[in-house]
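J.: Below are the structure tokens for one structure; questions will follow.
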Amino acid sequence: MSVNLAYVGREYPATAPYSVGREKLREFASAVGASHPVHHDLVAARGAGYPDLVAAPTFAVVVAQRAESQLVQDPGAGIDFSRVVHADERFTHHRPIVAGDELVTVLHVDSIVERAGLAMVTTRCEIVAALPDGGTEPVSTVTSTLAVRGEGA
Amino acid sequence: MSTDARPALTDLSVGDVVGNRTVEVDRARLVRYAGASGDFNPIHWDDAFAAGVGLPGVIAHGMFTMGAAVALVEDWAGDPGAVVDYQARFTRPVPVPSRGVATLDVTGTVGAIDADAGTVRIDLTVTSEGARVLGKTQAVVRL
């Protein structure tokens, strides 16, 4: 089956909170070779004015891909993951992600464009931090495009 | 959050090279990234699977390459939290051999300066074996 164009404009319910942990931030930063001390050393992070360890600029993908799986695994969307290639990614950080954040994500399907045997599916994750008073604070917007090859392509 | 090491907007000009680095990528690095990121797609660790979907072999995660490239900008800026926007297109896969390494060459250049916003756009050129593997790779840094 092909990608369901009727999914454009769809918005998924907010995800369960993702708890940002210090060791996860260190592990991710080490994996991409981000050696700046604010990713690893609490004293350095606090000395630089942050409340806790700071996430590497692409760490938000960990949070975003969990939300995106709602679409990819939705049988009605018609996305065959074995035919998917990641086409582009963009992070807009409203503030840095720090350890201790409780992040909640709302996934939006912004566009689906078919061309030359490909369906280009663009999603947007709006990631907010849950605040102790019950409110939220914008943290990151992650835009991602998947190229899905059609049957026989 | 300023330190003495941070660059000043007024000292920069479009076209300035802010740094170069070489990143070596082996299979262990991909396994490590898979675990850290939660992206366990077998095209990044299983040769037979990768070949079966028409790839030249196991390839690096595009998000690994994107993440490794921006470390240059973090270090230049002196503050990873100053990277307020970062985007890339994945234009060419990076095959990683089962033994040995693939090499990524990263260069950062000042692409634009917005004095009113207090930001500079660093354009990253990322190549492997002389071919560009990422397109439109731009990091906006608040200085």
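Taken in order, these protein sequences are the chains called W and D.
Per numbering that gives the first Met the number 0, the very first residue in the first sequence carries number 0; after that it's consecutive.
Per numbering that gives the first Met the number 0, the very first residue in the second sequence carries number 0; after that it's consecutive.
The beta carbon of each residue, even a glycine, is placed where N, CA and C say it ideally should be.
Bear in mind that the values here come from a model prediction, so they are computed numbers and not experimental data.
So residue 36 of chain D contacts chain W; which residues on that side make the cut at Cβ distance below 8 Å?
T.: Chain W residues near residue 36 of chain D: 27, 30, 60, 61 and 64.
J.: Are the Cβ atoms of residue 70 of chain D and residue 43 of chain W separated by less than 7 Å?
T.: The answer is no: Cβ separation not under 7 Å.
J.: For the pair the segment 37 to 53 of chain D and the segment 113 to 129 of chain D, tell me if three or more CB-CB distances fall below 8 Å.
T.: Touching, no.
J.: Taking only three categories from DSSP, how would you classify residue 72 of chain W?
T.: The answer is coil: DSSP assigns residue 72 of chain W none of H, G, I, E or B.
J.: Can you list the residues of chain W that residue 6 of chain D reaches, using a CB-CB cut of under 9 Å?
T.: Correct list: empty, because the minimum Cβ distance to chain W is about 15 Å.
J.: Among the candidates D/7, D/16, D/50 and D/6, whose CA atom is the shortest distance from the CA of residue 110 of chain D?
T.: Minimum Cα distance to residue 110 of chain D is reached at D/16.
J.: List, in chain order, every chain W residue whose beta-carbon is nearer than 9 Å to that of residue 94 of chain D.
T.: Chain W residues near residue 94 of chain D: none, gap ~15 Å exceeds 9 Å.
J.: Give me the subset of the segment 75 to 95 of chain D whose CB atoms are less than 7 Å from a CB atom of chain W, sorted by chain position.
T.: Hits within the stretch, in order: 78, 79, 80, 82, 83, 84, 85, 86, 87, 88 and 89.
J.: Please report the distance separating the alpha-carbon of residue 93 of chain W from that of residue 75 of chain W.
T.: The alpha-carbon atoms of residue 93 of chain W and residue 75 of chain W are separated by roughly 33 Å.
J.: Taking Cβ positions only, does residue 0 of chain D come closer than 7 Å to chain W?
T.: Note that residue 0 of chain D scores 45 on pLDDT, short of 50, meaning its location in the model is unreliable and no value can be drawn from it.
J.: At least one CB of chain D closer than 7 Å to the CB of residue 89 of chain W: is that the case?
T.: Chain D, which has a Cβ nearer than 7 Å to the Cβ of residue 89 of chain W, makes this yes.
J.: So is residue 131 of chain D buried or exposed if we call it buried at 16+ other beta carbons inside 10 Å?
T.: Exposed: under 16 other Cβ atoms inside 10 Å.
J.: Output, in chain order, the set of chain D residues within a Cβ distance shorter than 8 Å of residue 57 of chain W.
T.: Result: 62, 65, 66, 69 and 85.
J.: Where residue 91 of chain D and residue 65 of chain W are concerned, what is the direct C-alpha to C-alpha distance, given to the nearest angstrom?
T.: The straight-line gap from Cα to Cα measures roughly 25 Å.
J.: Taking all protein chains shown into account, decide if residue 79 of chain D is buried (16 or more other Cβ within 10 angstroms of its Cβ) or exposed.
T.: The residue in question, residue 79 of chain D, is buried, as its Cβ has 16 or more Cβ neighbours within 10 Å.
J.: Would you check if the segment 56 to 64 of chain W and the segment 78 to 92 of chain W touch, i.e. whether three or more CB-CB distances between them fall below 8 Å?
T.: Judged by Cβ distances under 8 Å, the segment 78 to 92 of chain W makes contact with the segment 56 to 64 of chain W, as three or more pairs qualify.
J.: Could you work out which residues of chain W lie near residue 22 of chain D, taking near to mean beta carbons separated by less than 7 Å?
T.: 32, listed in chain order.
J.: Spatial neighbours of residue 123 of chain W within its chain, please: C-beta separation below 6 Å, excluding the five flanking residues on both sides.
T.: Closer than 6 Å at the Cβ level, and outside the excluded window around residue 123 of chain W, lie 107, 109 and 142.
J.: For residue 19 of chain D, list the residues DSSP reports as bridge partners.
T.: In the DSSP output, where bridge partners are listed per residue, residue 19 of chain D has D/106.
J.: Pairing CB atoms from the segment 6 to 16 of chain W with CB atoms from the segment 4 to 13 of chain D, are three or more of them under 8 Å?
T.: No, the segment 6 to 16 of chain W is not in contact with the segment 4 to 13 of chain D.
J.: The alpha helix (DSSP H) spanning residue 72 of chain D covers which residue range?
T.: 61 to 76 is the extent of the alpha helix (DSSP H) around residue 72 of chain D.
J.: Comparing the C-beta of residue 107 of chain W with each C-beta of chain D, is any distance below 7 Å?
T.: Chain D contact via Cβ: absent.
J.: Can you check the segment 48 to 97 of chain W for any beta strand (DSSP E) of at least 3 residues that lies completely inside it and give the ranges in chain order?
T.: Within the segment 48 to 97 of chain W, the complete beta strand (DSSP E) runs of at least 3 residues are 83 to 92.
J.: Taking all protein chains shown into account, decide if residue 48 of chain W is buried (16 or more other Cβ within 10 angstroms of its Cβ) or exposed.
T.: By the 10 Å Cβ count, residue 48 of chain W comes out exposed.
J.: What does residue 73 of chain D touch in chain W if you count any residue whose Cβ is under 8 Å from its own?
T.: Ordered by position in chain W, the residues that pass the 8 Å Cβ test against residue 73 of chain D are 33, 35, 55 and 56.
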